[in-house]
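S.K.: Position in the sequence shown (from 1) plus 2 gives the number in the numbering used here. Okay, here's the structure, questions in a sec.
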Amino acid sequence: HPDMSGIRAKLQAPGDPVRDFVIRHEEDKGFTGLINLIGIESPGLTASPAIAEMVAGMVDEFF
3 HPDMSGIRAK LQAPGDPVRD FVIRHEEDKG FTGLINLIGI ESPGLTASPA IAEMVAGMVD
63 EFF
């Protein structure tokens, strides 16, 4: 098997703490109703019930 390597970019501003994933509503960018869930990897599987609850709350706020 050949060896493999790679780089996984993480979204963060200089000085911000490292985040496993990002969940945000994109209304301020002109996309009302779009909720981005970015960078969710294997820890997101364990957190999926809490993520779903959070997103449901975000949806309730806007609809």
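Here a beta-carbon is modelled for each residue, glycine too, at the ideal position from N, C-alpha and C. What you are looking at is a predicted structure, and each value in this text was computed from that prediction instead of being measured.
Is the beta carbon of Leu39 less than 9 Å from the beta carbon of Ile25?
M.R.: Position 37 of the sequence shown, counted from the first residue, corresponds to residue 39. Position 23 of the sequence shown, counted from the first residue, corresponds to residue 25. It is a contact, given that the beta carbons lie within the stated cut-off.
S.K.: My output table needs one value for Ile42: the three-state DSSP class, helix, strand or coil.
M.R.: Counting from 1 along the sequence shown, the entry for residue 42 is found at position 40. DSSP places Ile42 outside both helix and strand once states are collapsed to three, so it counts as coil.
S.K.: In this structure, what does DSSP give as the bridge partners for Val20?
M.R.: Within the sequence shown, residue 20 is the residue found at index 18, counting from 1. Note: Val20 sits in no beta bridge, so no partner.
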